[in-house]
Every structure is written in C-alpha cells, then in structure tokens.
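Trainee:
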Amino acid sequence: MYCSIINADCAHGGGTYAWIMSIDSNVVENVRYSRVLLKVSGEALAGERGFGFDQDVIGKLSCDLKKVRESGVELCIVVGGGNIFRGSSTSFGFERASNDYVGMLATMINALALQNSLEDMGIASRVLSAIPMTAVCETYIRRRAIRHLEKGRVVICAAGIGSPFFTTDTAAVLRSIEMRCDAIFKGTQVDGVYSSDPKKDCSATRYDKISYHDLLASDLKIMDAAAVSLARENSIPIIVFDLGKENAFSEVMQGRGTFTTISG
56 MYCSIINADC AHGGGTYAWI MSIDSNVVEN VRYSRVLLKV SGEALAGERG FGFDQDVIGK
116 LSCDLKKVRE SGVELCIVVG GGNIFRGSST SFGFERASND YVGMLATMIN ALALQNSLED
176 MGIASRVLSA IPMTAVCETY IRRRAIRHLE KGRVVICAAG IGSPFFTTDT AAVLRSIEMR
236 CDAIFKGTQV DGVYSSDPKK DCSATRYDKI SYHDLLASDL KIMDAAAVSL ARENSIPIIV
296 FDLGKENAFS EVMQGRGTFT TISG
C-alpha cells in the first residue's frame with residue numbers, strides 16, 4: 056500500500072523523502088514563514104471515501120508535513136472532524152450544543168490518527184485538547200503549546216476551542232493568534248476561494264487574492280464569518296489551498312502552486 060511505502064521511506068530518511076529533497080534542495084531558503092498554523096478539514100482526510108479517514112491520504116499528508124517541519128518551520132495543526140461527524144447536522148435530532156460536542160470528539164480521533172502517522176515517520180508531535188482528556192493527550196495550555204513548538208514538536212490541537220457554537224475554523228484563527236503564528240494555511244478540497252461553489256457552478260472563478268472585507272461582503276462560505284473577522288482584527292493572512300494535491304502544503308509554503316490569499 057502506498058501509505059506503507061511512504062511511511063517506511065520517510066522514517067528512514069531515504070526513498071520518497073530523499074527524492075523530494077533532491078529536487079528541492081533550496082527548500083529552507085524559499086520558505087517565507089517561521090511559524091505557521093495548518094487547518095486540516097476532516098473532509099480532506101477522508102479522501103475519495105467521503106467518510107472516516109483514508110490511510111493513503113494521511114500518509115501523504117504526513118510526509119509533506121515532515122518536509123515542511125525539517126525545513127525549520129514551527130508547525131501547529133488544527134484538525135476538523137467533518138469526516139466523522141458534522142457539528143451542524145440535525146439528522147440525529149441532537150440539540151446544537153450536543154452536536155458540537157460530538158464533533159469535538161471527532162476531531163480528537165483525527166488528531167490521534169495524524170499524530171501516530173507523524174511519529175511513525177520520526178516527527179515528534181503532541182496532541183493538545185481544549186477538552187481535558189488526560190488519558191490520551193495533554194490539555195491545551197497556550198504557554199505549553201508554544202514551548203512544544205520551540206522544541207521542534209508539531210502541535211496538533213483538537214476539540215476546537217472546547218465550547219459549542221464555535222467552528223474549528225474559529226479555533227484555528229484563535230490558536231494562531233495565541234501562538235503568534237505568521238499565517239494560517241487552510242487545507243481543504245478546493246484550490247482556493249471561488250466566486251461561488253465550483254462543485255456546483257462551472258462558471259465560478261477563483262481569486263488569487265481577496266480582502267477580508269470582500270470575502271465577508273460576498274458571503275463566500277470558505278470560512279465562517281467569525282473566523283474571518285477574528286483574522287482581520289489581528290491581521291493574520293489566510294492561505295486557502297487544495298490539501299489533496301501531492302506535496303500541496305510544502306509547495307504553497309514556498310509560494311508555488313494554486314491558492315488564494317485572504318488578507319488586507
């Protein structure tokens with residue numbers, strides 16, 4: 056299986072990973088950020104399955120994260136849970152708060168799966184949960200999270216902000232502010248921000264850049280309004296890209312590939 060091949064090659068510093076580095080030996084010079092936050096949507100982890108998580112997808116993502124981390128960038132990740140449970144869904148008859156708490160638990164499943172994949176490749180990581188779950192991970196404390204980053208560990212934040220009625224997008228912006236990240240990278244299933252849903256409207260056009268104000272005024276649904284407003288208030292740029300493409304994150308980190316920058 057492709058995932059197993061990637062894990063073995065990356066863990067031993069050869070094979071696939073050595074080949075990646077050989078074609079991009081100036082990765083350190085090209086990276087424009089020193090500390091970033093990556094928001095990974097749950098749906099992106101599901102791949103073509105649409106539910107649960109695809110081991111091939113997680114393996115490829117982990118190899119790409121290893122490449123970014125070994126370039127010297129401090130890396131924080133916030134994971135969604137939409138591949139397991141949609142917090143806004145009412146199909147189960149749950150009240151909204153209960154929906155959101157179940158969604159938070161779904162993010163924990165994704166966080167632990169990603170941590171295991173990263174550590175199989177030799178990348179130290181820590182899962183920090185906004186809801187105390189001391190049997191499986193650390194509780195999120197801002198200074199502790201920053202210290203992990205300074206020690207070279209990948210920090211994976213789970214359970215959103217620990218309160219209902221707030222999305223994981225809002226959690227991603229909040230964590231990036233708390234940890235003084237240079238930018239937020241939102242990895243999703245589309246390669247940027249479009250004028251309308253490109254999956255439903257073939258005439259939709261993609262923006263290379265868009266301001267926070269225009270994004271909110273146009274009511275584009277790439278992120279919820281609270282998250283965008285918080286990013287605007289703190290002048291944190293958001294880069295939206297397709298996480299499903301090969302080496303997508305490391306490419307976008309160097310300003311290559313297709314993406315949309317939300318700023319100004």
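Residue numbers (the numbering used here): 56 to 319. Every residue gets a Cβ at the ideal spot worked out from N, C-alpha and C, and that includes glycine. Predicted model only: the values in this text are computed from it and were never measured.
1. Start and end of the alpha helix (DSSP H) containing residue 245?
2. Measuring CA to CA, which of 313, 292 and 114 is closest to residue 235?
3. Quick one: residues in its chain with C-beta nearer than 7 Å to the C-beta of residue 99, no 5 flanking neighbours on either side, listed in chain order?
4. Taking the alpha-carbon positions, what's the residue 269 to residue 260 distance?
5. In this structure, how does DSSP classify residue 108 when only helix, strand and coil are distinguished?
6. Could you give the DSSP three-state label for residue 262: helix, strand or coil?
7. Mark residue 190 as exposed unless 16 or more other C-beta atoms lie within 10 angstroms of its C-beta, in which case mark it buried.
8. Going along the chain, which residues of its own chain have a beta-carbon closer than 6 Å to the beta-carbon of residue 312, five neighbours each way excluded?
9. Could I get the ranges of all uninterrupted beta strand (DSSP E) runs contained in the segment 169-224, with 3 residues as the minimum, in chain order?
10. Determine the direct distance from the alpha carbon of residue 182 to that of residue 155, and round the result to whole angstroms.
11. What three-state label does DSSP hand residue 313 in the structure shown?
12. For residue 320 versus residue 207, is the C-beta spacing smaller than 8 Å?
13. Judging by CA-CA distance, which residue of 93, 173 and 163 is the nearest neighbour of residue 193?
14. Assuming residue 228 contacts residue 285 under a Cβ cut-off of 8 Å, what Cβ separation, rounded to an integer in Å, is found between them?
15. With a threshold of 8 Å on Cβ separation, who are the neighbours of residue 303 within its own chain once the five nearest residues in sequence on each side are excluded?
16. How about residue 271 and residue 280: are their beta carbons less than 8 Å apart?
17. Who are the near neighbours of residue 166 in its chain, counting only those whose CB is closer than 6 Å to its CB and skipping five residues on each side?
18. Which of helix, strand or coil does DSSP assign to residue 140?
19. Could you round the C-beta distance between residue 116 and residue 123 to whole angstroms and report it? I think they count as a contact, below 8 Å.
20. When you compare the CB positions of residue 173 and residue 184, do they come within less than 8 Å of one another, or not?
21. Indicate whether residue 161 and residue 127 have their beta-carbon atoms separated by less than 8 Å.
22. Between which two residues does the alpha helix (DSSP H) holding residue 269 run?
23. Compare the beta carbon distance of residue 215 and residue 226 with 8 Å and say whether it is the shorter of the two.
24. Between 232, 263 and 240, which lies nearest to residue 248 when the distance is taken from Cα to Cα?
25. Which same chain residues end up closer than 8 Å to residue 276 when comparing Cβ atoms and leaving out the 5 residues on each side of it in sequence?
26. Rank 109, 171 and 289 by C-alpha distance to the C-alpha of residue 237 and give the top, closest one.
Mentor: Walking through what the data contain:
1. That residue, residue 245, is in no alpha helix (DSSP H); it is neither H nor E in DSSP.
2. 292
3. 242, 243, 244, 298 and 299
4. 15 Å
5. coil
6. strand
7. Under this definition residue 190 is an exposed residue.
8. These residues qualify, in order along the chain: 306.
9. 180-184 and 209-213
10. 20 Å
11. coil
12. Any property of residue 320 remains undetermined from this structure, which presents the chain solely from 56 to 319.
13. 163
14. 5 Å
15. Answer for residue 303: 119, 242, 296, 297 and 312, listed in chain order.
16. yes
17. Within the same chain, residue 166 has close Cβ partners 134, 182, 211 and 213.
18. coil
19. Between residue 123 and residue 116 the Cβ distance is about 11 Å, and since that is not below 8 Å, they are no contact.
20. no
21. Against a cut-off of 8 Å, the Cβ pair of residue 127 and residue 161 comes out as no contact.
22. 267-272
23. yes
24. 263
25. 252, listed in sequence order.
26. 289
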